[in-house]
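Participant: Number 55 in my numbering belongs to position 54 of the sequence shown; there are no gaps in the numbering. Pasting a structure here, questions to come.
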Amino acid sequence: MKFGAEPTQLAAGATLAHTLRAGDRVLKKGHVLAAADLDALAAAGHREVVVARLEAGDLDEDAAAAAIANALAGDHVHADDATTGRANLVAGADGLVTIDAARVHAVNARDEAITCATLQPFARVHRGDMLATIKIIPFAVGRDAVAAAAELGRGAISVRPWRGVRAGLIATRGPHDVERIAAVQRQRVAGCGGALVTVRVTDHDTAAVAAAIRELAELDVILVLGASAVTDSSDVIPAAIRASGGTVVRTGMPVDPGNLLVLGALGDAAVVGVPGCARTPRRSGFDAVLERVCAGIAVTSADVAAMGVGGLHADASHARSDHRGHRVAAIVLAAGRSTRMGANKLLAHLDGRPLVRHAVEAALGSSARPVVVVTGNEADAVRTALAGLDVRFVHNAEFAAGMSTSLCSGVRALADEPDLAGTLVCLGDMPRVRAAHLDAIAAASSDGQIVVPTCERKRGNPVLLPRALFDDVLALRGDVGARELLERHADRIVQLAIDDAAILLDVDTPHALASLGLADSTSHV
C-alpha cells in the first residue's frame, strides 16, 4: 500500500486518510475520492491531500478484518459485517467464552497492522454479546499476512453453552440459615443455566455427608457447604467425598475470596465443597469453578492452580484501606402516606404478615445492625405490625414533606454508632427482598462507595450509602430519597448485578398488590 501526500487534482480513486472539510461538505477518513470531491477540496484551498492507494497483493481493511474474524470464530460464535476495518465476534449462545490465548497472541504477532482484542478467558456471556474485535490499523494489509493470521488463529474463540445442569445442595447443621444459603445457591446455579433441584441438611460428620453425597450421585453437580470451614485435606468434606466412593481433585485454591474450596468428583457428578464466602451472591473463586462445570468444561487441579494470577479480587474485604470498620446498618423507610394506594399499603397482609414486616424481617435476617425503622404515617399501627422485632424506631414528624426527611431521620439515628461503614436504605413496600440480597449488597461495599443493585440492567433497591455521605444525606430536601445523591456522586457508584427481580418490585398501587397475590389487601393488624 502506498501512503502519503498527493496533489489534490491527481488523487482520484485514492482513499482519504484524514477527514477534511471542503466548503459545506465534510469528507470523512476512508472516503474514496471522486472528481467532484477533488474540485471541492481545491476550491477550499487544499492543494495536497494525504491518501492511501492499494497495490497488487493488498487486501482492503474491511475484507482483511472479515477474513480474520471468520477464521477465529469457533463454536457458537459468528462475525458481524466488517466496517471501517473492524469486525466483531459475537456470542451465539449463553455460556462461557473460551479463548486459545496462544493463537490470539500469534495473530497479534504476525503483523502490526492486524489486531485482535478479546474478553478475558472464561468470561460469562449472553447470546449477542461481543467477544472480540478484529481491527486493521491501516487501510489495507498484504493478502499473505491476512492468510497467515487467519490460519494461526483459526477457531481460537468459542462459546461453551450452559448444559442445563441439575444440582443439589448438602448443608451440614450449624449456625447458618440454610434457607437463605439455599436461595443464594439456587440463584447462582440458575445464572449458569441450571437448576438447584434438592437441598439436604445433615450432621457435620464424614459418614453423614458421604451418605448424602451418594444419594445425590445421579445429579450433575453436588454442592456441599459445611458448618465449619475446611482446614485440611482430611477434614470432613474432603474425607466425605472419598468415603462416598469419589475422588478429591484439589483442596484449596489460590483465589481470594474462595481459598477454602474443595473440588472432587463422584462418577460423572462434580462435587464441590463450597467456601463460606459463597453464602452470599458476591463473586468468589467458587463461581469460577461452578461456571466451568456448568458449561461442561473439565476442571483439573492444574486449572485451579492457574487461577492465582488475577485471583485476588479487588474488593476482598481484608484488602480495604478503611480501618474504621465495615459494619453496616439498615434503615427501613416506613413513613410514607401511600397516596397512590388510598390506604396504608405497609399494613396490607402478605402470607399472613403485614407488608412492612416482610421488609423488616429481611433486614433482621441479614448481617446489618442496627436495624432502624423510620415511622411517620400511622406510626402506632406500623409499630404494632412490627411488635416483637428487635428494631430501633425513629419517628419522622415531617414525613409529609417528602422521603428525604425520613432518610435524614434514619441517618441521624446512626450518628453515634461506632465503627459503622455505611447503611442499607430499605423500602418498607418491597416484600420480596430477602436477607441474602442485603448481605450481597453489604459485601460489595468498599471505601466510600455507593452500592446499587441491578437486575436486567435496571437499578433497584436497597441501596448502600457509605458513612462518608451521611452529611450529604442530611442536606437533602423534598421527596427525592437518595436519587439526588446518586446523580451527584455517580463516580462513587458500584453496580451489583442480582439475578432476581425482587429488587425492582415495590408496591405502590392496588394492581401491584393484586399481582403479589394478596388475598387480604385491606386488612390491618
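The beta-carbon is built from N, C-alpha and C at its ideal position, and this holds for glycine as well.
Kindly indicate which three-state DSSP category R54 falls into: helix, strand or coil?
Facilitator: The count along the sequence shown starts at 1 and reaches residue 54 at position 53. R54: strand per DSSP, three-state reduction.
Participant: Cα separation between A18 and P122?
Facilitator: Start at 1 with the first residue of the sequence shown, and residue 18 comes out as number 17. Start at 1 with the first residue of the sequence shown, and residue 122 comes out as number 121. Computed Cα separation, rounded: 35 Å.
Participant: Inspect the beta-carbon positions of V434 and L387 and report whether they are closer than 8 Å.
Facilitator: For the purposes of this step, residue 434 is taken as residue 433 along the sequence shown, with counting starting at 1. For the purposes of this step, residue 387 is taken as residue 386 along the sequence shown, with counting starting at 1. Cβ atoms of V434 and L387: not closer than 8 Å.
Participant: Using 10 angstroms around the beta-carbon of A230, count the other beta-carbons present and answer buried if the total reaches 16, otherwise exposed.
Facilitator: The residue labelled residue 230 in the question sits at position 229 within the sequence shown. Result: exposed.
Participant: According to DSSP, simplified to helix, strand and coil, what is S159?
Facilitator: Here residue 159 refers to the residue found at position 158 of the sequence shown. Of the three classes helix, strand and coil, the one that applies to S159 here is strand, per DSSP.
Participant: How would you call I138, buried or exposed, if buried means at least 16 neighbouring beta carbons within 10 angstroms?
Facilitator: As a position in the sequence shown, residue 138 is number 137, starting the count at 1. Classification of I138: exposed, given that the 10 Å Cβ count is below 16.
Participant: Among residues of its own chain, excluding the 5 on either side of D59, which ones have a beta-carbon nearer than 8 Å to its beta-carbon?
Facilitator: As a first step, residue 59 is located in the sequence shown; it is residue number 58 there, counting from the start. Counting only Cβ-Cβ distances below 8 Å, and skipping sequence neighbours, we find M2, A141, V142, G143, R144.
Participant: So, using beta-carbon positions, are L429 and A344 closer together than 8 Å?
Facilitator: Counting from one through the sequence shown, the residue named residue 429 turns up at place 428. Counting from one through the sequence shown, the residue named residue 344 turns up at place 343. The sequence given here has Gly at residue 429, not Leu. No, Cβ-Cβ distance for G429 and A344 is not below 8 Å.
Participant: Determine whether the beta carbon atoms of C182 and A213 lie at a separation below 8 Å.
Facilitator: The residue labelled residue 182 in the question sits at position 181 within the sequence shown. The residue labelled residue 213 in the question sits at position 212 within the sequence shown. It should be pointed out that residue 182 corresponds to Ile in this sequence rather than to Cys. For I182 and A213, no; Cβs fall outside 8 Å.
Participant: So the beta strand (DSSP E) E7 belongs to, where does it begin and stop?
Facilitator: What you label residue 7 is simply residue 6 of the sequence shown in a count that begins at 1. Run containing E7: 3 to 8, per the beta strand (DSSP E) assignment.
Participant: Is it buried or exposed for R458, if we count other Cβ within 10 angstroms and need 16 for buried?
Facilitator: Here the question's residue 458 lines up with position 457 in the sequence shown. Answer is exposed; the Cβ neighbour count stays below 16.
Participant: Contact between the segment 28 to 45 and the segment 105 to 115: three or more CB pairs below 8 Å?
Facilitator: Not touching, per the Cβ criterion.
Participant: In the DSSP assignment, find the unbroken alpha helix (DSSP H) run with I499 in it and report its ends.
Facilitator: Residue mapping note: residue 499 aligns to position 498 of the sequence shown, counting from 1. First-last for I499: undefined, no H or E at that position.
Participant: State the Cα-Cα distance for the pair R384 and T119, rounded to the nearest angstrom.
Facilitator: Working through the sequence shown from its first residue, we reach residue 384 at position 383. Working through the sequence shown from its first residue, we reach residue 119 at position 118. If you take the alpha carbons of R384 and T119, they lie about 55 Å apart.
Participant: Looking only at C-alpha atoms, which of V78, A336, T301 sits nearest to E379?
Facilitator: Position 378 of the sequence shown, counted from the start, is the residue given in the question as residue 379. The residue with the shortest Cα to Cα distance from E379 is A336.
Participant: On the DSSP bridge list, what partners appear for V373?
Facilitator: For this step, residue 373 is matched to residue 372 along the sequence shown. Paired residues: I332, R393.
Participant: What does the Cβ neighbour count give for Q450, buried or exposed, with the cut at 16 atoms within 10 Å?
Facilitator: The count along the sequence shown starts at 1 and reaches residue 450 at position 449. It counts as buried.
Participant: Are P467 and V426 touching if we call contact CB-CB under 8 Å?
Facilitator: By one-based count along the sequence shown, residue 467 stands at place 466. By one-based count along the sequence shown, residue 426 stands at place 425. No, the Cβ-Cβ distance between P467 and V426 is not below 8 Å.
Participant: Might you give, ordered along the chain, the residues of its own chain that have their beta carbon closer than 7 Å to the beta carbon of G259, omitting 5 neighbours on each side?
Facilitator: Residue mapping note: residue 259 aligns to position 258 of the sequence shown, counting from 1. Answer for G259: P276, C278, S285, G286, F287, listed in chain order.
Participant: Hey, could you find the ends of the beta strand (DSSP E) G31 is sitting in?
Facilitator: Position 30 of the sequence shown, counted from the start, is the residue given in the question as residue 31. Element bounds for G31: n/a, residue is neither H nor E.
Participant: Grab the span of the beta strand (DSSP E) containing L201 for me, first residue to last.
Facilitator: Numbered from its first residue, the sequence shown carries residue 201 at position 200. Reading off the sequence shown, one finds Arg at residue 201, where the question assumed Leu. Residues 196 to 203.
Participant: Based on DSSP bridge pairs, tell me the residues matched to M131.
Facilitator: By 1-based counting over the sequence shown, the position of residue 131 is 130. Bridge partners of M131: V91.
Participant: In chain order, what residues of the same chain lie with their CB nearer than 6 Å to the CB of A65, ignoring the 5 residues before and after it?
Facilitator: Stepping through the sequence shown from its first residue, residue 65 is reached at position 64. Hits under 6 Å: I137, V142, V147.
Participant: So, with DSSP's three-state summary, where would you put I238?
Facilitator: One-based indexing of the sequence shown puts residue 238 at position 237. The answer is helix: DSSP assigns I238 an H, G or I state.
Participant: Can you tell me whether S524 is buried or exposed? The criterion is at least 16 other CB atoms within 10 Å of its CB, across all chains shown.
Facilitator: Indexing the sequence shown from 1 puts residue 524 at position 523. Low confidence applies here, because S524 scores a pLDDT of 38, under 50, leaving its location unreliable; read the following figure in that light. S524 is exposed by the Cβ-count criterion.
Participant: How is D63 classed by DSSP in three states: helix, strand or coil?
Facilitator: As a working mapping, residue 63 is identified with position 62 in the sequence shown. Looking at D63 - three-state DSSP - the assignment turns out to be helix.
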